[in-house]
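**Student:** Every letter in the sequence shown is one number past the one before it in numbering that gives the first Met the number 0, and letter 10, counting from 1, is 9.
Just so you know, even glycine gets a beta-carbon here, dropped at the ideal spot from N, CA and C.
Computed from a predicted structure; not experimentally measured.
Quick one: the structure is below, questions incoming.
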Amino acid sequence: MAPKDYKSLLDPARIPAHVAIIMDGNGRWATRRGLSRMEGHRRGAEVVESLMDAAMDLGIRVVSLYAFSTENWSRPRAEVQGLWKLLGYFFESRIETLKKRGIQVRHTGSLAQLPASTQEVIARSIRETRRNRKIILNFCLNYGGRQELVDAVNSWAGRRGAKETMTVAKMGRFLYSPDLPDVDLLIRTSGEYRISNFLLWQIAYAELVFTKVLWPDFRPRHLYRTIYEYQTRERRFGGL
Ligand code: FPP
């Protein structure tokens, strides 16, 4: 039986503005095929391109990708180094395409601990795509939700001398990417049902969709299906 065409069922008036994705399952995808975990990450990186086309086509404004968490440093050194190399290569090799396609690259997280060459290529990608307006591709790299909140409070206290009290409205202005809208839809692949410290503040009222599909197998049709599921939910934001 042909897979259901969820794209044609989507309501164009209710496309989520901000979709955040926990791209999980690269390691398992590779291990099941007798491949190295790095091969899984490489295939995972390839998925991003076709997905951005699909997201742009639907009119999504921001896609946030959890590509490296503050906890991922605890992985074996070779995997950590391999991931930075892969990310560096991704930006280096795609920068022209990203520029041409109207994709604005952003970074959310702390860049300081990253290898100098990775920092440089990310900074260049951000600089060279800053005028693009079709869609924002927000890479969450060396990102941790708790660290973001701690950094926001410290950044606020540093400026104000801590003489005022913090408020929910003020807090948002001190986050890493204060201009991005809250997440509407959070997708996690690979059948894990966790948030894993991702965009803790921004997902306060996000709809959560978990899928068993491993990230390297995730295709535009899976995105359409998750958005369809999102559109079946009633969002009340705590009201009635
Ligand atoms: C989780 O899979 C994935 C990561 C920790 C890294 C995500 C990175 C990529 C998708 C590749 C780089 C991306 C770009 C856009 C260049 P896992 O390793 O935890 O998988 P497992 O749970 O099956 O072991």
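#1: What do you get for residue 110, buried or exposed, if any count of 16 or more other CB atoms within 10 angstroms of its CB means buried?
#2: Could you give the residue range of the alpha helix (DSSP H) that holds residue 230?
#3: Which residue or residues does DSSP assign as beta-bridge partners of residue 186?
#4: What are the start and end residues of the beta strand (DSSP E) that includes residue 69?
#5: What do you reckon, are the CB atoms on residue 210 and residue 24 nearer than 7 Å?
#6: Between the Cα of residue 183 and the Cα atoms of 228, 144, 170 and 142, which residue gives the shortest distance?
#7: DSSP three-state label for residue 131, please.
#8: Please report how far the alpha carbon of residue 81 lies from the alpha carbon of residue 128, in whole angstroms.
#9: I'd like to confirm something about residue 40: is its beta-carbon nearer than 6 Å to some heavy atom of the ligand FPP, or not?
#10: Closest to residue 167 by CA distance: which of 196, 19 and 203 is it?
#11: Can you tell me which of the three DSSP states residue 80 falls into?
#12: If we ignore side chains and look at the alpha-carbon of each, how far apart do residue 40 and residue 239 end up?
#13: Is it right to say residue 173 is buried, meaning 16 or more other beta carbons lie within 10 angstroms of its own, or is it exposed?
#14: Quick check on DSSP: helix, strand or coil for residue 96?
#15: Determine the direct distance from the alpha carbon of residue 236 to that of residue 76, and round the result to whole angstroms.
#16: For the ligand FPP, is there any heavy atom lying closer than 6 Å to the beta carbon of residue 239?
#17: Name, in chain order, the residues that DSSP records as bridge partners for residue 107.
#18: State whether the stretch 91-101 contacts the stretch 26-40, with contact taken as three or more CB pairs (one from each stretch) at a distance under 8 Å.
#19: Does DSSP classify residue 49 as helix, strand or coil?
#20: Please determine, among 8, 3, 116 and 4, the residue with the shortest C-alpha to C-alpha distance to residue 230.
#21: Under a three-way DSSP split, which group does residue 63 fall into?
**Tutor:** According to the data block:
#1: To locate residue 110, count along the sequence shown from 1; it is residue 111. Exposed is the call here.
#2: Here residue 230 is taken as the residue at index 231 of the sequence shown, counted from 1. 219-231 is the span of the alpha helix (DSSP H), which, as asked, contains residue 230.
#3: Sequence index remark: in the sequence shown, residue 186 carries index 187 (1-based). DSSP output for residue 186 lists 20 and 208 as bridge partner(s).
#4: By one-based count along the sequence shown, residue 69 stands at place 70. Per DSSP, residue 69 lies in no beta strand (DSSP E) segment and is marked neither H nor E.
#5: Here residue 210 refers to the residue found at position 211 of the sequence shown. Here residue 24 refers to the residue found at position 25 of the sequence shown. Going by C-beta atoms, residue 210 is not nearer than 7 Å to residue 24.
#6: As a first step, residue 183 must be located in the sequence shown, where it is residue number 184. Of the listed residues, the one whose Cα sits closest to residue 183 is 228.
#7: As a working note, residue 131 is residue 132 in the sequence shown. Three-state DSSP puts residue 131 in coil, outside helix and strand.
#8: The residue you call residue 81 lines up with position 82 of the sequence shown. The residue you call residue 128 lines up with position 129 of the sequence shown. If I take the Cα positions, the gap works out to 25 Å.
#9: Sequence index remark: in the sequence shown, residue 40 carries index 41 (1-based). Yes.
#10: For the purposes of this step, residue 167 is taken as the residue at position 168 of the sequence shown. Comparing Cα-Cα distances from residue 167 to each of 196, 19 and 203, the minimum goes to 203.
#11: As a position in the sequence shown, residue 80 is number 81, starting the count at 1. Residue state, collapsed to three classes: helix.
#12: Locating residue 40 in the sequence shown gives position 41, counting from the first residue. Locating residue 239 in the sequence shown gives position 240, counting from the first residue. Approximately 43 Å between the Cα atoms of the pair.
#13: As a first step, residue 173 is located in the sequence shown; it is residue number 174 there, counting from the start. Under this definition residue 173 is a buried residue.
#14: Residue numbering aside, residue 96 sits at position 97 when the sequence shown is read from its first letter. Correct three-state label for residue 96: helix.
#15: In the sequence shown, residue 76 corresponds to position 77, counting from 1. In the sequence shown, residue 236 corresponds to position 237, counting from 1. Whole-angstrom Cα-Cα distance: 42 Å.
#16: In the sequence shown, residue 239 corresponds to position 240, counting from 1. No; taking the cut-off as 6 Å, the Cβ of residue 239 has no heavy atom of the ligand FPP nearer than that.
#17: What you label residue 107 is simply residue 108 of the sequence shown in a count that begins at 1. In the DSSP output, where bridge partners are listed per residue, residue 107 has 139.
#18: Under the 8 Å Cβ criterion, the stretch 91-101 does not count as touching the stretch 26-40, having fewer than three qualifying pairs.
#19: Numbered from 1 along the sequence shown, position 50 holds the residue referred to as residue 49. Helix.
#20: By 1-based counting over the sequence shown, the position of residue 230 is 231. Of the candidates 8, 3, 116 and 4, the one whose C-alpha sits nearest the C-alpha of residue 230 is 8.
#21: Position 64 of the sequence shown, counting from 1, holds the residue named residue 63. Shown here, residue 63 sits in a strand according to DSSP, grouped into three states.
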